[in-house]
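Structure record follows, encoded as structure tokens.
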Amino acid sequence: MLWVIVLVVVLVLVGLFFLLTYNRLVRNRNRSENAWAQVDVQLKRRADLIPNLVETVKGYAAHERETFDEVTRARTAAQQAQGVAAQAQAENVLTAAIGRLFAVAEAYPQLRASENFQQLQAQLAETEQKIAVSRQVYNDTVLTYDNALETVPTNVVAAIFGFEQRPYFELDEPAAREAPQVRF
368 MLWVIVLVVV LVLVGLFFLL TYNRLVRNRN RSENAWAQVD VQLKRRADLI
418 PNLVETVKGY AAHERETFDE VTRARTAAQQ AQGVAAQAQA ENVLTAAIGR
468 LFAVAEAYPQ LRASENFQQL QAQLAETEQK IAVSRQVYND TVLTYDNALE
518 TVPTNVVAAI FGFEQRPYFE LDEPAAREAP QVRF
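Numbering of the sequence shown is given in our numbering, commencing with residue 368 and proceeding in unit increments.
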């Protein structure tokens, strides 16, 4: 009779362990999905600012058509990207294109002095900061989730229930890690 009680207690403890571990993994996965949603909100905000910025610069630098087209293509690709890795790559291309657009704007002092351009530039800078913070929060939550997937004994539960690692939102190109050079 004692062995039955011990067996029942052990089974309850094992079941409780699986239940608690599974719930912890689900919470971590959901946090990483929520953090990605916050990144996505900021990326959409930036995408919404870009057409206004392009139109403002177009008014002053109509002959820079290739730069405008490049920004537009990069914005479209970023909006259509699916998944964290594809989104990160598309956003890196878009960031580079925006940098080239600002380089074009530097050649036009009257554009830089324009209140509309200054407001758009300030909004874009604020959005870029929010994107950076959102990326950091996302990567931190992914780190917590991925650590749970890889550590013993949680990795056993994760393998049984098919939990998979999440990708980080990273810069792929070494040039994208460097601060843009602005010369007046």
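Here a beta-carbon is modelled for each residue, glycine too, at the ideal position from N, C-alpha and C. Values in this document were obtained by computation on a predicted structure and should not be read as measured data.
Out of the options, state which residue places its alpha-carbon closest to the alpha-carbon of residue i.
{"i": "Ile-417", "options": "Val-379, Val-393, Glu-495", "result": "Glu-495"}
{"i": "Phe-484", "options": "Ala-428, Gly-450, Ala-499, Leu-380", "result": "Ala-428"}
{"i": "Gln-477", "options": "Leu-392, Asn-419, Val-406, Lys-425", "result": "Lys-425"}
{"i": "Asn-397", "options": "Ala-455, Thr-511, Ala-470", "result": "Thr-511"}
{"i": "Ala-464", "options": "His-430, Val-519, Arg-394, Ala-445", "result": "Ala-445"}
{"i": "Val-519", "options": "Val-377, Leu-392, Leu-378", "result": "Leu-392"}
How far does the alpha helix (DSSP H) with residue i in it extend, from its first residue to its last?
{"i": "Gly-466", "result": "451-473"}
{"i": "Ala-515", "result": "482-517"}
{"i": "Arg-442", "result": "432-447"}
{"i": "Glu-531", "result": "Premise fails: Glu-531 is in no alpha helix (DSSP H) and is neither H nor E."}
{"i": "Ala-402", "result": "369-427"}
{"i": "Pro-476", "result": "476-479"}
Classify residue i as buried or exposed, calling it buried when 16 or more other Cβ atoms lie within 10 Å of its own Cβ.
{"i": "Ser-399", "result": "buried"}
{"i": "Trp-370", "result": "exposed"}
{"i": "Thr-434", "result": "buried"}
{"i": "Phe-530", "result": "buried"}
{"i": "Gln-454", "result": "buried"}
{"i": "Ala-472", "result": "buried"}
{"i": "Ala-489", "result": "exposed"}
{"i": "Ile-527", "result": "exposed"}
{"i": "Thr-423", "result": "buried"}
{"i": "Ala-499", "result": "exposed"}
{"i": "Asn-390", "result": "exposed"}
{"i": "Glu-431", "result": "buried"}
{"i": "Leu-380", "result": "exposed"}
{"i": "Val-373", "result": "exposed"}
If I measure Cβ to Cβ from residue i and keep anything under 7 Å in the same chain, skipping five residues before and after, which residues do I get?
{"i": "Gln-532", "result": "Asp-513, Leu-516"}
{"i": "Phe-385", "result": "Val-524"}
Grab me the residues of residue i's own chain with a C-beta within less than 8 Å of its C-beta, minus the 5 sequence neighbours each way, in chain order.
{"i": "Lys-497", "result": "Gln-409, Arg-412"}
{"i": "Ala-452", "result": "Pro-534"}
CB residue i to CB residue j, shorter than 7 Å?
{"i": "Ala-441", "j": "Ala-448", "result": "no"}
{"i": "Thr-521", "j": "Thr-388", "result": "yes"}
{"i": "Tyr-475", "j": "Asn-506", "result": "no"}
{"i": "Tyr-487", "j": "Asn-419", "result": "For the record, residue 487 in the displayed sequence is Leu; it is not Tyr. Yes, the pair counts as a contact, with Cβ atoms nearer than the cut-off."}
{"i": "Val-406", "j": "Arg-467", "result": "no"}
{"i": "Val-504", "j": "Ala-414", "result": "no"}
Going by beta carbon distance, what residues of the same chain come within less than 6 Å of residue i, once the five residues before and after it are set aside?
{"i": "Val-421", "result": "Phe-435, Val-438"}
{"i": "Leu-491", "result": "Leu-416"}
For chain C, find out if any of its Cβ atoms is closer than 7 Å to the Cβ of residue i; answer yes or no.
{"i": "Ala-492", "result": "Of the chains in the structure shown, none is chain C; there is only one protein chain."}
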